[in-house]
Amino acid sequence: RLHYESVIRSLIGKDGSCLSRVFYKSIQCSQWLPLPSCLPLHNSMVLSAAIFITLIGLIIYLHFVKIDQESLLVIGSLGIQVTSSYASGKESTTFIEMGQVKDVVINEAIHMQKVIYYLCILLQDPEDPQGVSEVVPLFQSSQPRLDCLIEVYKSCQEILEQRKTAPQSSEIK
């Protein structure tokens, strides 16, 4: 262990660069690898169980929580499709019919002493045509910058305006 510490000190130096810190952590972690063989059987089983539970937790996190990519597909005649791709490769897709969509807006909120902006779909209330029944936030994991949200907002508004100005198939006879 003393040999490792002298190597670590010479690698970190005064600047403490990031690569040195990564190497430092890997040397620290590698010191613990032979530990289970030194422990009695009972403690080794406890350590193995802890490692196993940690790995299962990491797999669950990657499969159900960690979102890698979010996408939005707007088709004026059909609706809006929201897709989230997780780090494990799993995809979750939600479809909202265009008849339910009242508007798409950029909303702002205060979170942890900073203002964040996010895109929302306002769903029309079936009983009250002027009311909003639900607000569906978009891009919650990726949290794009405001200028990116404005570009997506403008594209959505173009499609929504085309839908409003286009004659409905039931009106044409």
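In our numbering, the protein residues as written are 1022 to 1194.
Ideal Cβ positions, reconstructed from N, Cα and C, are used throughout, including at glycine.
- Using a C-beta cut-off of 8 Å, the segment 1079-1095 makes contact with the segment 1107-1114, since at least three inter-stretch Cβ pairs fall below that distance.
- DSSP places S1176 in the uninterrupted alpha helix (DSSP H) bounded by L1167 to T1186.
- If you look at D1146, you'll find it isn't in any beta strand (DSSP E); DSSP assigns it neither H nor E.
- For Q1121, there is no enclosing beta strand (DSSP E), as DSSP marks it with neither H nor E.
- Taking a 10 Å sphere around the C-beta of V1095, we find 16 or more other C-beta atoms and assign the residue as buried.
- By the beta-carbon neighbour count (other beta carbons within 10 angstroms, threshold 16), V1125 is buried.
- A straight line joining the alpha-carbon of L1167 with that of C1141 spans about 13 Å.
- Annotation for V1095: the continuous beta strand (DSSP E) segment containing it runs I1088 to I1096.
- Close CB contacts of S1163 within its chain, under the 7 Å cut and outside five residues either way in sequence, are with E1091 (chain order).
- By the Cβ-count criterion, I1137 is exposed, with fewer than 16 other Cβ atoms from all chains shown falling within 10 Å of its own Cβ.
- Counting along the chain, L1159 sits inside the beta strand (DSSP E) bounded by residues V1153 to L1159.
- S1113 is bridged by DSSP to S1105.
- Per the Cβ contact rule, the segment 1111-1124 is in contact with the segment 1143-1157 (3 or more Cβ pairs under 8 Å).
- With at least 16 other beta carbons inside 10 angstroms of its own, L1159 counts as buried.
- Cβ contact annotation for I1180 (same chain, cutoff 7 Å, sequence separation greater than five): V1095 and G1097, in chain order.
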